[in-house]
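Trainee: So in full-length UniProt numbering, the last one in the sequence shown is 149, and the numbering has no gaps at all.
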Amino acid sequence: MNVSLRPDHSLLDPNFESYKLSLAKIPIYEANSEHVIYCKALNEVTSKQHLKAYNNINCLCINPFDTSRVYYMNTDGSLVSTRIPQCPQNFNQGTAVFTIPSWCELSREKLPSVSLKVPAPSYISLYDGLGNLYLFKSNILEVVTRSTI
C-alpha cells in the first residue's frame, strides 16, 4: 500500500514563526519544616515510564482542582496541607491536618509506600501503605470513610 500525504496549506499561518519559551523565572518558595518530609527515594536510573508505573511514591501532591493547595506527608505519619500564597513572604510550612493512627516511626529503609490522590474536587484519598485507605472531605479534612485492604 503506497500512500502520499499532501499538507493543506490553507490551515497553516504564514506569519507564524515559532513557539517562544518564556524566560521568566519560576518562583521557588522555601519553608522550614518541624519534621522530616516523607520522600521514598528511587534508584538513580528512573525513566518517565518508571514514574508513571510507580506514581504512588509521591512526596508532594498538588490538588488539581485547587492548584494553590499542596499536600505532603511527614515521616511521623502526619498529612500536611499548605497553601501557595500570591506573595512569597506569606509562605509557611503548612499545618498537619491528619495523622495516620497506625503509623509508627520506622527506619528509613522500611517506610511504607504512601499514596495520596485527589480524585474529585471535594475528596482526597490516602493509602497509608499499611493496608488502610482513607477518604477525606477536602474542605474540612475529616475522615469520611476508612477501609482496610
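C-beta atoms are modelled at their ideal positions from N, C-alpha and C, and glycine is treated no differently.
1. Run the CB neighbour count on Cys61, radius 10 Å, all protein chains shown included, and call it buried at 16 or more, exposed below.
2. Could you compute how far the alpha carbon of Glu17 sits from the alpha carbon of Asp8?
3. Measuring alpha carbon to alpha carbon, tell me which of Ser81, Arg6, Ile26, Glu30 ends up nearest Phe136.
4. Kindly indicate which three-state DSSP category Leu133 falls into: helix, strand or coil?
5. In this structure, how does DSSP classify Leu79 when only helix, strand and coil are distinguished?
6. Below 9 Å between beta carbons: does that hold for Ala96 and Leu116?
Mentor: With the given structure in hand:
1. buried
2. 18 Å
3. Ser81
4. strand
5. strand
6. no
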